[in-house]
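Chain order of the listed sequences is A and B.
All letters in the first sequence, in the order written, are residues 176 to 288 by the working numbering.
All letters in the second sequence, in the order written, are residues 176 to 288 by the working numbering.
Worksheet: one structure, shown below.
2 protein chains.
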Amino acid sequence: MLSKDLVAASSRPLVLTLLAAGESYGYELIRKVRELSGGRLEWTEGTLYPVLHRLEAEKIIASRWDAAAGTGRKRKYYQITATGRSALLEEQKNWQSINQILENLWTQNPPSI
Amino acid sequence: MLSKDLVAASSRPLVLTLLAAGESYGYELIRKVRELSGGRLEWTEGTLYPVLHRLEAEKIIASRWDAAAGTGRKRKYYQITATGRSALLEEQKNWQSINQILENLWTQNPPSI
DNA sequence: TGCCATACCTCGATTCTCGATGCATCGATT
DNA sequence: AATCGATGCATCGAGAATCGAGGTATGGCA
Chain A
176 MLSKDLVAAS SRPLVLTLLA AGESYGYELI RKVRELSGGR LEWTEGTLYP
226 VLHRLEAEKI IASRWDAAAG TGRKRKYYQI TATGRSALLE EQKNWQSINQ
276 ILENLWTQNP PSI
Chain B
176 MLSKDLVAAS SRPLVLTLLA AGESYGYELI RKVRELSGGR LEWTEGTLYP
226 VLHRLEAEKI IASRWDAAAG TGRKRKYYQI TATGRSALLE EQKNWQSINQ
276 ILENLWTQNP PSI
C-alpha cells in the first residue's frame, strides 16, 4: 500500500507529465494512472478533481468543455499551459533532486533486513 | 522551493535510511539532511519531532536517552528496529516504483518549455 | 425499462501541519 | 559572572488539507 504522502507528492508531477503528452480529462487520467502503475496507484475522483481545480486556479493547466467523439457525452478536457510547462520542469528537478539523495544513500548503504 | 508534499513524502524514507546507517538524534538528523540536500531541504524541529514520535509509536524506531560524549548534555538517540528495517524496504520499493513511472514518462516525453 | 459505465462535481468531519513558543544546558565572549 | 548563540528537547493549536460519501446526468445495451 502506497503512503498517502507519496501519492500526494506524485500527483502533481504525474498529472502535469500526462497532460504535457497531450490533453486529457479526469476520468481518463484516473484510468491511465491505474494502468501505468499496474494498479498500485488508485486515485479516486475525490482525490483527482480537487487537484485539477487547484492546478487550473494556478493557471498551470486550462480546460475546455467538449463532446466526446462518437458519443455526445460532455467532457472537460484539460491542457497544460506555458506556465504549466515550466512548473513541470521545476517539479521534475525537485523530484529528481530528492530521488538523487535517496538513491545515493541507498547505494552507499543498501537497506536490508 | 520544494513542495510541502515532496518534503512530507521523503521524510519517512530519509529518516529511516539515515537511522539504518547508525543511530542518531533529532538535531543531528536536521543537520545531516540539510547537508545532504545542499540546503534544499530545511526541516524545522516542528516538522521532525512529530515524525520521530509517530515512527516510535509505530515501533519502527526506538529511543534511549543518553549524555553526549564530551559534554553532559542529554540527547535522545533513535535506532531503527527490525520492524523498521522491513518498513524501510517497503518505503524504498514504493518510492522506486513511483520514480520508475515518472522516469519512464519523462524518458518517453521529456518535459520542455 | 432498468442498469452499468462513464463523467462531472461538492461537502465536511477528520486529520495533519508547522511556526511559534517554551525550557534547559554548554561554551565562548565580554 | 552575566550574556549570548548554538545545541537539544518538546508541545500547542489555528489554519489547511484530505478523500469517502453522496449528488447529478448521459449513453449504450439487453
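Glycine included, each C-beta is placed from N, C-alpha and C at the ideal position.
All figures in this text were calculated on a predicted structure; none of them were measured in a lab.
Report task. Could you list which residues in chain B have their beta carbon closer than 8 Å to that of A:Trp345, in chain order? Result -> No answer is possible for residue 345 of chain A: the residues shown for chain A start at 176 and end at 288.
Report task. Check whether the Cβ of A:Asp241 lies closer than 7 Å to any heavy atom of the ligand NAD, and answer yes or no. Result -> Here there are no bound small molecules, and the ligand NAD is not part of this structure.
Query - chain B contacts from the region 266 to 277 of chain A (Cβ-Cβ distance under 7 Å) - result: Gln267, Asn269, Trp270, Ser272, Ile273, Asn274, Ile276, Leu277
Query raised in the report: Under a three-way DSSP split, which group does A:Trp218 fall into?
Result: coil
Requested in this report: If I'm right that B:Leu204 touches B:Leu223 with Cβ under 8 Å, what's the distance once you round it to whole angstroms?
Outcome: 6 Å
Query raised in the report: What residues in the region 233 to 245 of chain A bring their beta carbon closer than 9 Å to a beta carbon of chain B?
Result: Result list empty, no residue passes.
Query raised in the report: Residues of chain B with CB under 9 Å from A:Arg260, in chain order?
Result: Within chain B, the residues near A:Arg260 are Pro286, Ser287, Ile288.
Requested in this report: With 7 Å as the C-beta to C-beta threshold (strictly closer), list the residues of the region 200 to 231 of chain B near chain A in chain order.
Outcome: Leu211, Ser212, Arg215
Query raised in the report: The alpha helix (DSSP H) spanning A:Lys207 covers which residue range?
Result: 201 to 211
Query raised in the report: Can a CB atom of chain B be found closer than 8 Å to the CB of A:Leu181?
Result: yes
Query raised in the report: For B:Lys234, which residues of its own chain have a beta-carbon under 7 Å away from its beta-carbon, when the five flanking residues on both sides are left out?
Result: Closer than 7 Å at Cβ, skipping near neighbours: Thr256, Thr258.
Query - Proximity winner among A:Ser178, A:Met176, A:Leu277, A:Val190, relative to A:Leu230 (alpha-carbon distances) - result: A:Val190
Requested in this report: Just the C-alpha distance for A:Leu216 and A:Pro188, rounded to the nearest angstrom, thanks.
Outcome: 14 Å
Report task. Could you check what DSSP says for B:Ile276 in three-state terms: helix, strand or coil? Result -> helix
Query raised in the report: Under three-state DSSP, which class holds A:Lys251?
Result: Strand, per DSSP.
Query raised in the report: Given that B:Leu263 touches chain A, what residues does it touch there, using C-beta distances under 8 Å?
Result: Pro286, listed in chain order.
Query raised in the report: When burial is assigned at 16 or more other CB atoms within 10 Å of the CB, is A:Glu266 buried or exposed?
Result: buried
Requested in this report: Apply the 10 Å Cβ neighbour rule to B:Tyr253 and answer buried if 16 or more other Cβ atoms are within range, or exposed otherwise.
Outcome: buried
Query raised in the report: Can you tell me the Cα-Cα spacing of B:Ser272 and B:Arg248, whole angstroms?
Result: 42 Å
Query - Within chain B, the residues that A:Leu177 reaches when beta carbons sit closer than 9 Å - result: Asn269, Ser272, Ile273
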